[in-house]
Structure formats: structure tokens, C-alpha cells
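Structure record follows, encoded as C-alpha cells.
Numbering (UniProt numbering), first residue to last: 1 to 563.
Listed below in C-alpha cells is the structure:
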């Protein structure tokens with residue numbers, strides 16, 4: 001017999017004489033001293049704990065075993081755990097609790113597949129999990145994006161396991177997360193058939209699901225149903241519905257929900273306040289946003305960096321950059337520090353008004369404050385450099401980001417391609433496009449749009465036309481921006497027929513050309529004496545809902561009279 005076996009036998013002899021808590025202390029003490037355990041010592045302590053209803057302690061021990069924190073003699077955790085469930089190592093009274101502990105331990109170690117394997121074994125051997133274990137496994141599967149497996153387990157065991165409202169709540173949340181609201185509503189009906197009543201959490205989950213699915217009216221109906229049934233809405237219920245209204249552009253309804261919340265005696269939480277502040281800022285009503293911010297502080301609701309960032313964003317969009325900087329200076333007074341999002345917003349704000357020097361200073365400041373620039377930071381500053389036509393600065397930033405291990409994205413390349421193309425450096429633009437594709441990034445319609453735009457503004461319509469025609473071969477549908485760019489290019493070149501043909505093609509494809517495309521093409525057709533085509537386009541322009549100017553009418557009419 002090996003020395004390790006002898007030591008484990010001595011340990012078992014000691015543990016058998018004392019109550020489970022003391023036995024566990026002995027087990028842990030010998031483990032910390034370096035004892036390599038055998039299946040016998042592990043099974044003994046587990047049975048000892050489980051026979052005295054110490055399930056959490058048994059589960060914790062199995063979790064340590066799974067994670068390799070308990071040294072084993074010639075066994076691995078993956079080979080030992082199945083052995084522990086054999087009749088040789090467990091008694092009939094602790095069989096079901098042992099499986100419960102194993103399933104829960106695997107759930108806690110984020111191993112849903114293994115947890116499911118042992119659940120199947122447990123059921124096959126005639127034992128059913130408790131509601132708590134069943135719910136824990138469902139949660140684990142859904143968190144691991146294994147909704148289909150969770151749905152299968154739920155339907156297999158719904159009659160056999162004692163389910164509670166929480167079981168249904170987990171599955172309804174899963175249905176909403178995968179966008180299958182029909183299943184969610186079917187579960188509510190099933191829940192009621194089981195003699196249970198939906199609670200505020202379930203209603204809020206469904207309301208949130210409806211809002212995320214774009215059906216805010218159905219969400220409102222659910223909210224009203226809650227009220228009729230006497231289910232009291234909480235902060236989260238009001239907040240998700242309010243946010244749903246705002247995302248659908250229904251400001252009045254969203255703000256009304258906010259007022260109703262306060263009238264109901266429910267104090268808005270930070271999430272609720274952030275929703276309202278963000279909506280005011282997005283709508284350019286920064287003064288009202290600050291009024292709500294003041295109310296928030298008066299009520300003692302703690303403001304985080306996110307709240308400040310929303311306000312800073314509102315100020316930057318309103319070109320109130322000085323006020324935005326002042327607000328950042330207040331961070332220290334309230335015990336906060338600007339995060340990378342704060343700096344990204346500020347850099348974007350200053351780049352937007354062409355103040356690249358200030359944006360660069362902020363970029364240096366964030367690094368000196370121990371923050372790492374993100375891809376968003378780099379793209380924003382690169383776009384800022386390009387806006388002021390400092391292409392050398394943009395390229396030096398690309399070099400820095402690569403040195404820091406931040407790979408340029410499709411957005412990075414598209415910004416650069418657009419900048420070089422606009423300044424008539426088409427060779428460099430093409431070179432960047434080739435480099436982008438070489439790095440494994442796939443061009444999209446927007447990438448081709450900036451290349452076509454560059455060719456058009458430099459008068460290279462032959463190459464632009466080739467690229468435009470290649471879109472079909474690449475399975476891309478030209479968008480209205482590309483069509484309008486090409487039409488403008490042909491008009492600039494004086495090719496009335498090509499502009500006319502493209503404009504008609506655009507209308508036939510269900511797109512509406514912009515006013516400039518109509519006016520330029522009609523004007524060119526008139527100059528070329530093609531008044532019938534010009535009149536036809538004028539009619540199409542009116543049918544598209546666009547209003548021609550008096551001078552455009554006169555141009556077509558005058559040309560028609562002359563003919």
C-alpha cells in the first residue's frame with residue numbers, strides 16, 4: 001500500500017469519529033499540508049456532509065475538486081467525479097443530494113454541458129432535481145447561449161420537476177433574449193395553467209422583450225394589464241417602458257411615463273434618470289437634461305460616470321465644449337474619474353469643430369492618466385486629422401495604434417480611403433484599400449462608396465463606372481449615396497444620357513434620388529435639347545414627393561416652347 005493510501009485511511013479513521021463540521025476542518029487541514037486524496041477519502045467526506053444536510057459545503061468541496069484545488073492520487077477530477085456516483089462510493093440516502101451537489105458545482109464553474117450530463121444521469125437513475133438545482137441549470141444554459149438546450153430540458157422535465165414562478169421567469173427571459181416573444185407568451189399561459197401567477201419580474205421581462213423587439217404598443221398593453229391585475233410596477237418596469245418609448249421616437253409617451261412613475265410614489269433610480277437625461281440630450285434640450293440632473297442629486301440618487309458622460313455628450317453635440325470641460329473638472333469633487341468613454345466623447349466633440357490640437361492634448365492626457373486608447377479613440381482622432389486634411393498625422397496615429405496592439409478596423413481604413421480620395425490621392429486610396437483586404441477585412445458598400453466618390457470628384461468616371469458595375473459581381477446593392485454620387489459625376493462630365501439612365505434605374509429600384517440629382521440631370525438634358533426626357537424626370541421628381549423650384553419648371557417649359 002502506498003504512503004498516500006495509508007495517510008488517507010488514517011484521515012478517514014479520524015473523520016469518522018467527529019461531527020461533519022470538524023471532519024471538514026480535518027479534511028481541509030490535511031489537504032493544505034499536501035495530502036493527495038483517493039476516491040475513498042473524497043467519497044467519505046462527501047457522504048458525511050450530505051448525510052447531515054450540509055449540501056452547500058459538499059457543493060463547495062466538489063467545486064474545489066473540479067477546479068483542481070484538491071490534490072488527487074493517480075486520478076484526475078474528470079475521472080474521479082463519475083466514480084463518486086457509483087454504488088461502491090455512496091449510500092442510497094445521499095445519492096440524490098450528491099448529484100445535486102455535482103450539478104450545481106458544474107453550474108458554478110460555468111460548465112453547463114457537464115452539469116447537463118450529470119442531470120441526465122441523475123434522472124436516468126430515478127432521481128429528480130430540486131427546483132433550485134433545475135433553475136440553476138436553466139440559468140447556466142441560457143447565460144451560455146444554449147437556449148435551445150434549456151428549452152428542451154424545461155419541456156422534458158416540466159411535469160416531473162416541481163417548478164416555481166422563478167423557473168418560468170428564467171425561461172421567459174431566455175425567450176426574450178433570443179427574440180422569440182411567442183414562446184414567452186406561451187410560457188405565461190402555461191404558468192397560469194400550473195396554478196401560478198405572473199409576478200412583476202415576469203411582466204417587466206416581457207415588457208422589456210416587447211420594447212427590444214420594437215413592439216412598444218404591446219409593451220404598453222402589458223403594463224396596463226399589470227395595473228388591472230393589481231401587480232405593482234417597480235422602478236425597472238417604468239424604466240424599460242420609458243426607454244422603449246424613447247427608442248421608438250415617442251418622446252411624449254416616454255416623458256409621460258416618467259411623470260406617472262413619480263406620481264405613483266416610485267422614486268426613479270439612476271437607470272431611469274439616465275434614460276430621461278439621455279433623451280433630452282439627444283433632442284438638443286441640454287438645459288432640461290441638467291434640470292433633471294439637479295433633481296436627481298436633490299433626491300440623493302448617486303450619479304455615476306455614465307450620467308456625467310451623457311451630459312458631456314449633450315454639451316459636445318451642442319458645441320458647448322467649454323461647458324463640457326468644466327463638467328469634467330467637477331469629477332474630482334464628487335469622487336469620480338473620467339473614463340475612456342468620457343475622453344472619446346470629448347475628443348469627438350473637439351474633432352467635430354476642427355480643434356484637433358485640443359483633441360490631441362486630451363488624447364495625451366488620457367494616456368498620462370493611465371487609460372488605454374481604444375479602437376474608437378483612434379478612429380475618432382484619425383477622422384479628426386482627416387477632417388483638417390492632416391493626413392500625415394492620421395497615418396502616424398495608425399502606426400501608433402498598431403504598435404500598441406490595436407488593429408485598424410474596416411472603419412479605420414474607410415476613413416483614410418475617403419480622406420485620400422477627397423484630396424485626389426487616388427493611388428494612395430487604392431493602396432489603402434488593397435492593404436485593408438490583405439489584412440483580412442472585407443469591404444462593404446460604404447467602402448466602395450468612398451472610392452467611387454473619390455473617382456467621381458476627380459473626374460475619373462471611367463474607373464468609377466467600372467467599380468460601380470463590379471458591385472453586382474460582388475453581390476452588393478448600390479445604395480442611394482452611390483447612385484447620387486455617380487449621377488452627379490456624370491452631370492459634371494456632361495453625360496446627360498448616362499445620368500438619365502442611372503436616375504431612372506435608381507427610381508425603378510425603389511430609391512428616391514436627391515434634389516441635386518434631379519436638378520442637375522434635368523438641367524443637363526435641357527442643355528442637350530432632350531426636353532421630353534427632362535419633362536419625364538420633372539414628373540418623376542414630383543411623384544417622388546420632391547418640390548421642383550420655379551426656375552426648374554421654367555427651364556423645362558422654356559425648352560419645350562423653343563422646340
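Where is the CB? At the ideal position from N, CA and C, for every residue including glycine.
If you drop the 5 nearest sequence neighbours on each side, which residues of the same chain put their C-beta closer than 8 Å to that of residue 353? Translated into the one-based positions of the chain shown, residue 353 becomes position 353. Excluding residues within five positions, the ones whose Cβ falls inside 8 Å are 319, 321.
Give the DSSP-derived three-state secondary structure of residue 546 in the structure shown. Taking the first residue of the chain shown as position 1, residue 546 is located at position 546. Coil at residue 546, not helix or strand.
C-alpha distance - residue 57 paired with residue 308, whole-angstrom precision: By one-based count along the chain shown, residue 57 stands at place 57. By one-based count along the chain shown, residue 308 stands at place 308. A straight-line Cα-Cα distance of about 44 Å links residue 57 and residue 308.
Cα-Cα separation between residue 567 and residue 279, rounded to whole angstroms: Since the displayed the chain opens at 1 and closes at 563, residue 567 lies outside it and no answer follows.
Cβ of residue 200 within 9 Å of Cβ of residue 226? The residue labelled residue 200 in the question sits at position 200 within the chain shown. The residue labelled residue 226 in the question sits at position 226 within the chain shown. It is a contact, given that the beta carbons lie within the stated cut-off.
Check residue 1 in the structure and name its three-state DSSP category. The residue labelled residue 1 in the question sits at position 1 within the chain shown. With a pLDDT of 45 at residue 1, under the threshold of 50, the predicted position of this residue should be treated as unreliable, and no value is reported.
Are residue 50 and residue 11 touching if we call contact CB-CB under 9 Å? Counted from its first residue, the chain shown places residue 50 at position 50. Counted from its first residue, the chain shown places residue 11 at position 11. No, Cβ-Cβ distance for residue 50 and residue 11 is not below 9 Å.
Does DSSP classify residue 36 as helix, strand or coil? Residue mapping note: residue 36 aligns to position 36 of the chain shown, counting from 1. Note: residue 36 maps to coil in three-state DSSP.
In whole angstroms, give me the CA-to-CA distance for residue 525 and residue 455. The count along the chain shown starts at 1 and reaches residue 525 at position 525. The count along the chain shown starts at 1 and reaches residue 455 at position 455. Those two C-alpha atoms are separated by around 23 Å.
Here's a check: name, in chain order, each residue in its chain whose Cβ is nearer than 7 Å to the Cβ of residue 178, leaving out the five neighbours to either side. Looking up residue 178 in the chain shown gives position 178. The beta carbon of residue 178 sits closer than 7 Å to the beta carbons of 147 from its chain, once the five residues preceding and following it are set aside; these are given in chain order.
Report the residue from 194, 530, 189, 181 whose alpha carbon sits nearest the alpha carbon of residue 162. Here the question's residue 162 lines up with position 162 in the chain shown. Of 194, 530, 189, 181, the residue nearest in Cα terms is 194.
Can you tell me where the alpha helix (DSSP H) holding residue 354 begins and where it ends? By one-based count along the chain shown, residue 354 stands at place 354. Careful: residue 354 lies outside any alpha helix (DSSP H) and carries neither H nor E.
Alpha carbons only, please: which of 138, 292, 519, 165 is nearest the one belonging to residue 156? For the purposes of this step, residue 156 is taken as the residue at position 156 of the chain shown. When only C-alpha atoms are compared, the closest one is 138.
Per DSSP, what kind of secondary structure is residue 552 in: helix, strand or coil? Position 552 of the chain shown holds residue 552. Assignment of residue 552 by DSSP, reduced to helix, strand and coil, places it in the helix class.
Quick one: is residue 59 buried, meaning 16 or more other Cβ sit within 10 Å of its Cβ, or exposed? One-based indexing of the chain shown puts residue 59 at position 59. Buried: at least 16 other Cβ atoms inside 10 Å.
Return the residue from the list 408, 449, 293 that minimises the CA-CA distance to residue 435. One-based indexing of the chain shown puts residue 435 at position 435. When each option's Cα is compared against that of residue 435, the closest is 408.
Buried or exposed for residue 589, going by 16 or more other Cβ atoms inside 10 Å? Nothing in the structure corresponds to residue 589, since the chain is present only between 1 and 563.
To the nearest angstrom, how far is the alpha carbon of residue 82 from that of residue 102? Counting from one through the chain shown, the residue named residue 82 turns up at place 82. Counting from one through the chain shown, the residue named residue 102 turns up at place 102. Approximately 10 Å, taken between the alpha carbons.
Alpha carbon of residue 395 to alpha carbon of residue 476, nearest angstrom: The sequence position of residue 395 within the chain shown is 395, counting from 1. The sequence position of residue 476 within the chain shown is 476, counting from 1. Here the alpha carbon of residue 395 sits roughly 29 Å from the alpha carbon of residue 476.
With respect to the alpha helix (DSSP H) encompassing residue 308, which residues constitute its N-terminal and C-terminal limits? Numbered from 1 along the chain shown, position 308 holds the residue referred to as residue 308. Unbroken alpha helix (DSSP H) run through residue 308: 305 to 317.
For the alpha helix (DSSP H) holding residue 70, just list the boundary residues, first then last. Here the question's residue 70 lines up with position 70 in the chain shown. No alpha helix (DSSP H) holds residue 70; DSSP gives it neither H nor E.
When the Cα of residue 501 is compared with those of 483, 69, 343, which residue comes out closest? Taking the chain shown and counting its residues from 1, one reaches residue 501 at position 501. When each option's Cα is compared against that of residue 501, the closest is 483.
In terms of alpha-carbon separation, which member of 204, 327, 542 lies closest to residue 221? Taking the chain shown and counting its residues from 1, the one referred to as residue 221 is at position 221. Comparing Cα-Cα distances from residue 221 to each of 204, 327, 542, the minimum goes to 204.
Please work out which residues of its chain come closer than 6 Å, Cβ to Cβ, to residue 96, disregarding the five sequence neighbours upstream and downstream, and give them in chain order. By one-based count along the chain shown, residue 96 stands at place 96. Excluding positions up to five away in sequence, the list reads 127.
Cutoff 6 Å; reference residue 392; Cβ partners in own chain excluding five residues on either side: For this step, residue 392 is matched to residue 392 along the chain shown. Answer for residue 392: no residue qualifies.
Residue from 387, 297, 489, 160 whose Cα sits closest to the Cα of residue 129: Here residue 129 corresponds to residue number 129 of the chain shown, with the count starting at 1. Checking every option, the nearest Cα to that of residue 129 belongs to 160.
Check the C-beta distance from residue 176 over to residue 208 and give it rounded, since I have them as a contact under 8 Å. Taking the first residue of the chain shown as 1, we reach residue 176 at position 176. Taking the first residue of the chain shown as 1, we reach residue 208 at position 208. About 7 Å separates the two Cβ atoms, so the contact holds.
Using the three-state DSSP reduction, which class does residue 263 fall into: helix, strand or coil? One-based indexing of the chain shown puts residue 263 at position 263. In the structure shown, residue 263 sits in a helix (DSSP, three-state: H, G or I).
Are the CB atoms of residue 424 and residue 452 within a distance shorter than 9 Å? Within the chain shown, residue 452 is the residue found at index 452, counting from 1. Within the chain shown, residue 424 is the residue found at index 424, counting from 1. Cβ distance not < 9 Å, so residue 452 and residue 424 don't count as in contact.
Near residue 519, what residues of its chain come up, given a Cβ to Cβ distance below 7 Å and the 5 sequence neighbours on each side ignored? Here residue 519 is taken as the residue at index 519 of the chain shown, counted from 1. Correct list, in chain order: 552.
Buried or exposed (CB count within 10 angstroms, at least 16 for buried), residue 421: For the purposes of this step, residue 421 is identified with residue 421 of the chain shown, where counting begins at 1. Answer is buried; the Cβ neighbour count reaches 16.
Determine the closest residue to residue 346 out of 438, 299, 365, with distance taken between C-alpha atoms. Along the chain shown, read from residue 1 onward, the residue named residue 346 stands at position 346. Among 438, 299, 365, the Cα nearest to that of residue 346 belongs to 365.
Measure the alpha-carbon distance for residue 549 versus residue 441 and round it to whole angstroms. Sequence index remark: in the chain shown, residue 549 carries index 549 (1-based). Sequence index remark: in the chain shown, residue 441 carries index 441 (1-based). Straight-line Cα distance between these residues: approximately 44 Å.
Nearest neighbour of residue 386, chosen from 355, 368, 403 [CA to CA]: As a working note, residue 386 is residue 386 in the chain shown. Among 355, 368, 403, the Cα nearest to that of residue 386 belongs to 355.
Classify residue 224: buried if its beta carbon has 16 or more other beta carbons within 10 angstroms, exposed otherwise. In the chain shown, the residue the question calls residue 224 occupies position 224. Per the 10 Å Cβ criterion, exposed.
Can you tell me the Cα-Cα spacing of residue 492 and residue 543, whole angstroms? Counting from one through the chain shown, the residue named residue 492 turns up at place 492. Counting from one through the chain shown, the residue named residue 543 turns up at place 543. One C-alpha to the other measures close to 25 Å.
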